[in-house]
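Take a look at the structure below.
2 protein chains.
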Amino acid sequence: MCELLGMNCNVPTDIVFSFSGFSKRASEHADGFGIAFFENRGVRCFVDAQAADQSPVADLIRQYPIRSTHVIAHIRKATVGHVALENCHPFTRELWGRYWVFAHNGDLKGYDPLLHAAFRPVGDTDSERAFCWLLQEMAKSHASVPTPEELTRTLRELVPQVARFGTFNFIMSNGQALWAHCSTKLHHLVRQHPFAQARLQDDDVTVDFAQVTGPQDRVALVATQPLTDNEDWQAFKPGELLAFVDGVSLD
Amino acid sequence: MCELLGMNCNVPTDIVFSFSGFSKRASEHADGFGIAFFENRGVRCFVDAQAADQSPVADLIRQYPIRSTHVIAHIRKATVGHVALENCHPFTRELWGRYWVFAHNGDLKGYDPLLHAAFRPVGDTDSERAFCWLLQEMAKSHASVPTPEELTRTLRELVPQVARFGTFNFIMSNGQALWAHCSTKLHHLVRQHPFAQARLQDDDVTVDFAQVTGPQDRVALVATQPLTDNEDWQAFKPGELLAFVDGVSLD
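Protein sequences, first through last, are from chains A and B. Going letter by letter, the first sequence gives residues 66 to 316 in this note's numbering. Going letter by letter, the second sequence gives residues 66 to 316 in this note's numbering.
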């Protein structure tokens, strides 16, 4: 499975993680995983420092089809930070009365930003430092929750200041929009009615498009690697940041 | 089951929620539940707006013995705030690079504090407002994580300013200590070696003391109502705030 996966839809959609491929890749991604689902303003975040094939939390997620408009998932191979619950993505913080969820793929070398405000890392990963710095700077730029368009402009100014330290592929959401940035590898796909296939499926993840049948329904997926080989996945350009709202890119 | 339950131990201890009593009380506490487990600096929080007898998340917790030194659980009967995921206790925020978890039992009437700093409620409960205000004022009182003793003194100044608005029984933890405040009803018990009973058990919760066998091992439990009828549960006095560290009260 991809290291990063994001889903943004205009109607709550089931996403089921079968984890059948997790055990195959256990040696590669054995250092934890996490999945966050927004339900309106609330968020449900499952993280585990155990590999997915040994985790009761993974069992739950495999059995529990959660309907959500915004999903962020991450499989962790530890590169910076020791293996511990507090280092598992996605990370969650509150800003402007909204929860923000963030997952990162890549390494930031020598990244030690000045964190002088309200957001401090709990663990010791470069990823959580970057998330705290983004929130700190976002809080300076807006007095309350900006529109997705406004925040996209802000992020396009902020993100390059982090990305120059290394590889900064990330997905972030506040339950209103889903932002994705590519340093090296990230793909996206928008599926709309009529859906050629009833289900999108690989070894690890199933999105039940049978729930999405109206002519207005749309699902945007963002993943490190394409999840299917017969659809028109678009590669992000290096340095590209996109925002998805209601299952479609704002650009 | 009690509406609030807290556990603080000096060694990680299994706590298992059988939920057998939840369904009996479904009409009374049908508006969600939540449980947070600290694992060192990390925290694992399970919340659900569904009643526990209908929730796959409850199934997970029933089957999954999580070893933790600090646990906070809450069963919700909605009084203020609509039934939604974002209104489920416990609430979590980060301050000073530590996660803080908070659960409240009671009502605060007309409580609308000035929240001018970094902590804003996501939902619409009086409980989350009180938690945000406490964190805001704690952040003004200390530049970094205070000792449990220092924070206890601060909380004893702050908490009465909230409690005068109504009923403010709460449990809070940052994974280093567990604080509990009583307005109307809260009990505590410290169990130490040698344990007279192998297991503490009522309809809803089992703490496996078989894991806790050394002469130094201690478990403090805080609950709205005593969980057993043959042990020396102490009632909190109205207005009393206690801090528990390593399974024992600081006072």
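C-beta atoms are modelled at their ideal positions from N, C-alpha and C, and glycine is treated no differently.
- Not one beta carbon of chain B lies nearer than 9 Å to the beta carbon of Tyr-176/A.
- Looking at the backbone, the Cα of Gln-241/A and that of Pro-178/A are separated by about 27 Å.
- Per DSSP, the beta-bridge partners of Ile-137/B are Gly-71/B and Ala-101/B.
- Residue ranges of uninterrupted alpha helix (DSSP H) with 4 or more members, entirely inside the segment 190 to 236 of chain B and ordered along the chain, are 191 to 206 and 213 to 228.
- Asn-75/B is positioned such that its CB atom lies closer than 9 Å to that of Arg-283/B.
- Judged by DSSP in its simplified three-state form, Leu-125/B adopts helix.
- Beyond the five residues adjoining it in sequence on each side, Glu-193/A comes within less than 6 Å, by CB distance, of Phe-156 and Pro-186 in the same chain, given in chain order.
- The shortest C-alpha to C-alpha distance from Gln-290/A to any of His-147/A, Leu-180/A and Asn-170/A is the one to Asn-170/A.
- When the alpha-carbon of Glu-222/B is set against those of Asp-316/B, Gly-304/B, Tyr-129/B and Ile-137/B, the nearest one is in Gly-304/B.
- Within the DSSP bridge table, the entry for Trp-244/B names Met-237/B and Ala-308/B as partners.
- In chain B, no part has a C-beta under 7 Å from the C-beta of Asn-295/A; the shortest such distance is about 32 Å.
- At the C-beta level, Tyr-164/A and Phe-111/A stay beyond 9 Å of one another.
- Taking each of Pro-77/B, Leu-254/B and Arg-218/B in turn and checking the Cα distance to Asn-295/B, the smallest one comes out for Leu-254/B.
- Of all alpha-carbon atoms in Ala-168/B, Arg-106/B, Asn-105/B and Asp-79/B, the one lying nearest the alpha-carbon of Gln-128/B is that of Asp-79/B.
- When the beta-carbon positions are compared, Ala-183/A and Ala-204/A come within less than 9 Å of each other.
- CA-CA distance, Met-72/B to Asn-239/B, rounds to 13 Å.
- For the pair Gln-299/A and Glu-68/A, the Cα-to-Cα distance works out to about 17 Å.
- Residue-level contact by beta carbon holds for Cys-110/B and chain A, with a gap shorter than 9 Å.
- Listed as beta-bridge partners of His-253/A by DSSP are Val-287/A and Gln-299/A.
- Check the Cα spacing between Trp-198/A and each of Leu-306/A, Leu-180/A and Glu-214/A: the tightest is with Leu-180/A.
- About 4 Å separates the Cβ atoms of Leu-125/B and Leu-125/A, confirming a contact at the 8 Å cut-off.
- Distance from the Cα of Asn-105/A is smallest, within the candidate group Gly-99/A, Val-122/A and Pro-77/A, for Pro-77/A.
- Each of Gln-281/A, Gln-115/A and Gly-107/A was checked against the Cα of His-147/A, and the nearest Cα belongs to Gln-115/A.
- For Lys-302/A, the closest alpha carbon among the candidates Glu-214/A, Thr-249/A, Ile-236/A and His-154/A is that of Thr-249/A.
- Between Thr-190/A and chain B, the shortest Cβ-Cβ separation is not below 9 Å.
- Just measuring C-alpha positions, the residue of Val-108/A, Ser-314/A, Asp-113/A and Ile-100/A sitting nearest Thr-217/A is Ser-314/A.
- Cβ contact annotation for Val-227/A (same chain, cutoff 6 Å, sequence separation greater than five): Ala-195 and Phe-233, in chain order.
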